Ligand code: TXA
Ligand code: MG
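Residue numbers (our numbering): 2 to 315.
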């Protein structure tokens, strides 16, 4: 059910879960001060309880209440990329953050979103925990209509239009005296490396991921997807492709083949369109660049291609 800004604020303050827009994807928000609402998020999303949430704050000064000290270059990262799509995982004072929000870990992820509505809600209420507002394993929601697809009409949501970035925040984790990559996202790694002055290592691998969320199949429509660089010569089926190319079969376009920002922006809506049309199998045109946000788009598409549960349990 669509709610106004004032209603969303009031519901959050009273301990309810509300879906709200951010510049990356829609988030399923609960107040950090309402542990029952945080539990409700896990129930609604069908999210495994060992997968912690990101804490969204309004102002960098709020960080000091949660942590004893900050890792090197934290301030530089925050000053350059906040408000914006960067989440930073750091050690915390455990008694300051409900265990449910951080899946019992001694660390937590923080970010200041740049969406003006979200920031204003946080400013007028409390820090909010917000996973992406999709059922666990499904593509994230970038339009208000995606919220209704996953949660039906009873979930209160604030419609902020189409999310600008279209993919989630980049996550950096401070570990072993370095910032390491927890998840590719809406800020290209090269921009972060320029600031840090070193190349960012991947935290863990697929079999031993650093971010618990990376254990699970993700971003997946129901269709079986196959990425290929050699486009099959058939008129049958559907391909996720690029608007400046001609394909023998019907195409659902992500973007122009040189525009990684647009591909990221359209990605989840395109994956969800496959479900809306009950498509069971689709090709993905794998001929696209590797720089900038293309790296994130590639990673999300590869995960969307994985068979159910092929990551989980490793
Ligand atoms: O753009 C975004 O980040 C969106 C919007 C709503 O802000 N949120 C989002 O949240 O993508 P979620 O819950 O879908 O993904 C959060 C990721 C998960 O993979 C989780 O494992 C990781 O952050 N994470 C959270 N806390 C962590 C921690 N303490 N250590 C390692 N990973 C953590
Ligand atoms: Mg998510």
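Heads up, the beta-carbon is just placed ideally off N, CA and C, and yes, glycines get one too.
Keep in mind that this is a model prediction, so the values were computed, not measured.
Exercise for the section: Tell me where the beta strand (DSSP E) around residue 92 begins and ends. Expected result: Here residue 92 corresponds to residue number 91 of the chain shown, with the count starting at 1. Note, residue 92: beta strand (DSSP E), 87-92.
Practice task
Look at the Cβ atom of residue 28, then the Cβ atom of residue 133, and state whether they are nearer than 8 Å.
Solution key: Indexing the chain shown from 1 puts residue 28 at position 27. Indexing the chain shown from 1 puts residue 133 at position 132. Yes, they are a contact pair.
Practice task
Whole angstroms is fine: what's the gap from residue 79's alpha carbon to residue 182's?
Solution key: Locating residue 79 in the chain shown gives position 78, where the first residue counts as 1. Locating residue 182 in the chain shown gives position 181, where the first residue counts as 1. Taking the straight line from one Cα to the other gives about 16 Å.
Practice task
Specify the secondary structure class of residue 75 as computed by DSSP and reduced to three states.
Solution key: Position 74 of the chain shown, counted from the first residue, corresponds to residue 75. Correct three-state label for residue 75: helix.
Handout entry: Whether residue 58 touches residue 159 by CB criterion (8 Å)
Key = Locating residue 58 in the chain shown gives position 57, where the first residue counts as 1. Locating residue 159 in the chain shown gives position 158, where the first residue counts as 1. No, the Cβ-Cβ distance between residue 58 and residue 159 is not below 8 Å.
Problem - Nearest-angstrom Cβ-Cβ length linking residue 201 and residue 194, presumed shorter than 8 Å - result: Here residue 201 corresponds to residue number 200 of the chain shown, with the count starting at 1. Here residue 194 corresponds to residue number 193 of the chain shown, with the count starting at 1. Contact annotation, residue 201 with residue 194: C-beta distance approximately 6 Å; criterion of less than 8 Å satisfied.
Problem - Classification of residue 229 by the beta-carbon crowding that lies within 10 angstroms, buried from 16 upward - result: For the purposes of this step, residue 229 is taken as residue 228 along the chain shown, with counting starting at 1. Residue 229 should be labelled exposed.
Problem - Contact under 8 Å by Cβ, residue 109 with residue 98 - result: Working through the chain shown from its first residue, we reach residue 109 at position 108. Working through the chain shown from its first residue, we reach residue 98 at position 97. Result yes, Cβ atoms of residue 109 and residue 98 sit closer than 8 Å.
Practice task
Specify the secondary structure class of residue 177 as computed by DSSP and reduced to three states.
Solution key: Translated into the one-based positions of the chain shown, residue 177 becomes position 176. Coil at residue 177, not helix or strand.
Practice task
Mind checking who residue 28 pairs with in its DSSP beta bridge?
Solution key: For this step, residue 28 is matched to residue 27 along the chain shown. For residue 28, which the question treats as bridged, DSSP gives the partners 21 and 133.
Practice task
Have a look at residue 243 and residue 92 and give me their C-alpha separation to the nearest angstrom.
Solution key: As a position in the chain shown, residue 243 is number 242, starting the count at 1. As a position in the chain shown, residue 92 is number 91, starting the count at 1. Computed Cα separation, rounded: 42 Å.
Practice task
Can you tell me which of the three DSSP states residue 264 falls into?
Solution key: Your numbering for residue 264 matches position 263 in the chain shown. The answer is helix: DSSP assigns residue 264 an H, G or I state.
Practice task
Have a look at residue 40 and residue 103 and give me their C-alpha separation to the nearest angstrom.
Solution key: Working through the chain shown from its first residue, we reach residue 40 at position 39. Working through the chain shown from its first residue, we reach residue 103 at position 102. Going by the C-alpha atoms only, they are around 11 Å apart.
Exercise for the section: Go ahead and pull the three-state DSSP assignment for residue 295. Expected result: Working through the chain shown from its first residue, we reach residue 295 at position 294. The three-state reading of DSSP puts residue 295 in helix, counting H, G and I together.
Handout entry: Nonlocal neighbours in the same chain, by C-beta distance under 6 Å from residue 266, ignoring five residues either side
Key = On the chain shown, position 265 is the one that residue 266 refers to. Correct list, in chain order: 167.
Exercise for the section: Starting from residue 1, follow the beta strand (DSSP E) in both directions and report where the run begins and ends. Expected result: Any question about residue 1 goes unanswered here, given that the chain covers just 2 to 315.
Exercise for the section: Would you list the residues sitting across from residue 125 in a DSSP beta bridge? Expected result: Within the chain shown, residue 125 is the residue found at index 124, counting from 1. Bridge partners of residue 125: none, in fact.
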